[in-house]
Amino acid sequence: MSKKTLNETNLAALGAERLAALLIEVSTGSADIKRRLRLELSHNLGAGELAHDVRKRLASIRRSTSFVGWRKRKALIRDLSTQAEMITDKIAPEASTEAFDLLWQFIELAPSVYERVDDSRGDVGDVFRAARGHFAQIAPRAMLAPTELAVRVWRAVCDNGYGEFDDIITLLAPALGDEGLAHLKQLVEAFREARLEEDEDHAALQFLRDLRSSGGSFAADHKARLIRMTLQEIASAQGDTDGYIAQFSAEQMTRPRIAAQVAQMLSDGARHHEALEVLENAQGAGDADWDAAYIACLLALGRVADAQAHRWTSFCDTLDVQTLRDYLKVLPDFEDIELEDQAKAHALHFADLPTALEFFLAWPDLACGARLIEDRASQLDGALYPIYAPAAEALRNRYPLAAVLLWRAMINHTLWDGRSTRYTYAADHLMDCAAVDAEITDYGRFTAHGAYIELLREAHKHKSSFWARVP
C-alpha cells in the first residue's frame, strides 16, 4: 500500500506535532471542525468535562429560533450527530447516568429543531431516531430510580407531538423493571380517571377537530388513544398478550388489520385456535395483513387444504404475486405448471388492467404482459404513466408493439387533455415509438407509425409547444 494513501497508519507516521499543526490549519474557518476538536480535548480531560460541554451545546441549540435553510441544513445534521455520538460513544461508557440524562435532553430538542428546519427527506429525524435507540444500552447501566423514571416516561409519552419518544417504554422496560412498569400503569389509570381538561385552542379549531373525530370529541379520542397505546406498550414489554388485547374494543377487533395483529400475537403464543376465531370474527378477506395471518393460522393448525383454497381465492381477487408463489410451491410437480397457466389465464381477463399488467411484469411473463396490452389496448388509460412508462421500457426490446401501445396511450392522454406540463414526456414517448418502429414487422390491427404521426398532426396541429419538442 502506498505511503501516500490517506489512512490512520500513514497519518500517525506524521507525528503528533505535525498533525496538530494540520488540524489547526484545516479547522480555520470551520466552526464544525473546531467544535469537534474542542469536544475531543474535553474528553481527554474526562467524561465529566465532555458532558459539561455537550450540555452547553444542547442548551445553545435549544435557544436557537432562526430557520435553518437548505445551505445550513447539513451543518445542523452534522452538529446534532456529533453531540449524539459524544453522548453515546464517549460519555456513556464512563458515566452512564449522566449520559442517560444528556441523551434525554438531546431527544427533547427534537420538537424545537423540527419547527425550524424542513425535514421532508427525514435525515434530521434519522439522527434523533438513531440516538433514541441507544437508551436500550445506556439505561440498564445508569443509576435510575424506577418510579422516578416512570414519571419521566409518562410525561414524555403525554407530550410526544413529533413522535420523538416513540417506543420509549419498550426501550426502557429493562430499566423500569416490574416496579417502574407498575407505577407507570398507575399513572395511566389515574389519567384515565381524571376529568378531561378543556382545550384552550380557538373554538373554530376545536369544532373542526371534533368533526373529524370518531366519537365527536377530539380531546376524548386523543385521551383514549393515548391510554390504549401506552397500556399496550406496557403489556408488550411485560409479555402480557391478554393485557395488550384487552385494550381493543369489540368494534376495533373487527377491523382486519387489528385482528391480524392480535392473531399474530396469539399465534406466537401457540394459541392458534383463538387466533383463528379472532380473524374469522373480523371477516377481513382481501386485506393483505389479514390474509397472511389467516393462512398462517390455518397452516399452524394443519389445515393445508383450507390454506391453499384461501390462497387461490385471495390470488384471484388481488393477483398478488407472492400469494400465487406460495400456492404453487405446495403443489406436486406438473400440477403446479397447470395451475400457473390457469392463474395467468385469469390475469389476462382480470377486471383491473393495470393490476394485471403489474402482475405479469413482476412474475415475470413479458409475453403474457404484451398479449394483455394488445388484446385490451382500447382499455389503456394513459394517465397511469407511473405504471405504463416503466412497463414500456421493460417490453421494448422483446415486445416493441406492446411498448408502442403503452407509449401511444400516454401520448394520446397528454395531447387530448392538453397537459402541457407533460409535453416533454409525450415527445420522448413519440421518439421511443419511432426508435422501435423498424423492429415491428406487422402492426396488425393497429395503426402503423407513419400513419399514427399523421393522425396526431391532424388532430393536434395547433399544439405548437408540443411539436416544437419533436425532432
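Those letters in the sequence shown? Residues 448 to 918, per the working numbering, in order.
Cβ coordinates follow ideal geometry from the N, Cα and C atoms, glycine included.
Values in this document were obtained by computation on a predicted structure and should not be read as measured data.
Cβ separation of residue i and residue j, assumed to be a contact under 8 Å, to the nearest whole Å
i, j, result
"residue 582", "residue 550", "7 Å"
"residue 547", "residue 531", "With a Cβ gap of about 13 Å, residue 547 and residue 531 do not count as contacting."
"residue 745", "residue 754", "4 Å"
"residue 887", "residue 849", "Actually they do not touch by this definition, with Cβ atoms about 10 Å apart."
"residue 697", "residue 710", "About 16 Å; that fails the 8 Å criterion."
"residue 694", "residue 675", "4 Å"
"residue 597", "residue 634", "7 Å"
"residue 496", "residue 507", "The pair is not a contact, with the Cβ atoms about 17 Å apart (cut-off 8 Å)."
"residue 627", "residue 593", "3 Å"
"residue 867", "residue 912", "6 Å"
"residue 453", "residue 466", "Between residue 466 and residue 453 the Cβ distance is about 13 Å, and since that is not below 8 Å, they are no contact."
"residue 815", "residue 851", "Not quite, the Cβ-Cβ distance comes to about 18 Å (not below 8 Å), so this is no contact."
"residue 688", "residue 728", "That belief does not hold up - the Cβ atoms of residue 688 and residue 728 are roughly 17 Å apart, past 8 Å."
"residue 839", "residue 862", "Wrong, their Cβ atoms sit about 17 Å apart, outside the cutoff."
"residue 870", "residue 916", "6 Å"
"residue 631", "residue 564", "With 8 Å as the limit, residue 631 and residue 564 do not qualify as a contact, their Cβ atoms being about 32 Å apart."
"residue 611", "residue 557", "4 Å"
Residue i, DSSP secondary structure in three states
i, result
"residue 917", "coil"
"residue 684", "helix"
"residue 456", "helix"
"residue 910", "coil"
"residue 466", "helix"
Boundaries (first-last residue) of the alpha helix (DSSP H) holding residue i
i, result
"residue 594", "593 to 605"
"residue 772", "768 to 777"
"residue 487", "478 to 492"
"residue 701", "Where residue 701 is concerned, there is no enclosing alpha helix (DSSP H), given that its DSSP letter is neither H nor E."
"residue 617", "615 to 640"
"residue 847", "847 to 863"
"residue 761", "751 to 765"
"residue 878", "870 to 883"
"residue 728", "719 to 729"
"residue 900", "896 to 906"
"residue 572", "570 to 579"
"residue 543", "543 to 555"
"residue 539", "Residue 539 -> no alpha helix (DSSP H), and no H or E assigned at all."
"residue 740", "735 to 747"
"residue 525", "517 to 532"
"residue 695", "Element bounds for residue 695: n/a, residue is neither H nor E."
"residue 583", "582 to 585"
Open item on the list: Closer than 8 Å is the cut-off here; do at least three beta carbon pairs connect the region 574 to 591 with the region 605 to 622?
Closed with: yes
Task: Completely contained alpha helix (DSSP H) runs for the region 806 to 842, where each covers 4 or more residues - done: Every alpha helix (DSSP H) of 4 residues or more that sits fully in the region 806 to 842 is shown, in chain order, as 813 to 822, 832 to 842.
TODO: Count the CB pairs spanning the region 565 to 579 and the region 588 to 606 that are closer than 8 Å, and state whether there are at least three.
DONE: Output reads no: the region 588 to 606 does not touch the region 565 to 579.
TODO: Answer yes if the region 856 to 873 comes into contact with the region 820 to 836, meaning at least three C-beta pairs across the two stretches below 8 Å, and no otherwise.
DONE: Touching, yes.
- [ ] Mind the definition here: the region 759 to 771 touches the region 793 to 806 only if three or more C-beta pairs lie below 8 Å; say whether that holds.
- [x] yes
TODO: Decide if the region 524 to 538 is in contact with the region 467 to 487; the criterion is three or more beta carbon pairs, one per stretch, under 8 Å apart.
DONE: Touching, yes.
TODO: Report yes or no: do the region 460 to 472 and the region 513 to 527 share at least 3 C-beta pairs separated by less than 8 Å?
DONE: With the cut-off at 8 Å, the region 460 to 472 and the region 513 to 527 do not touch.
Open item on the list: Count Cβ pairs between the region 840 to 847 and the region 863 to 877 that sit closer than 8 Å; are there 3 or more?
Closed with: Counting Cβ pairs under 8 Å, fewer than three are found: no touch.
TODO: Please list the segments of the beta strand (DSSP E) lying wholly inside the region 777 to 806, counting only runs of 3 or more residues, in order along the chain.
DONE: none
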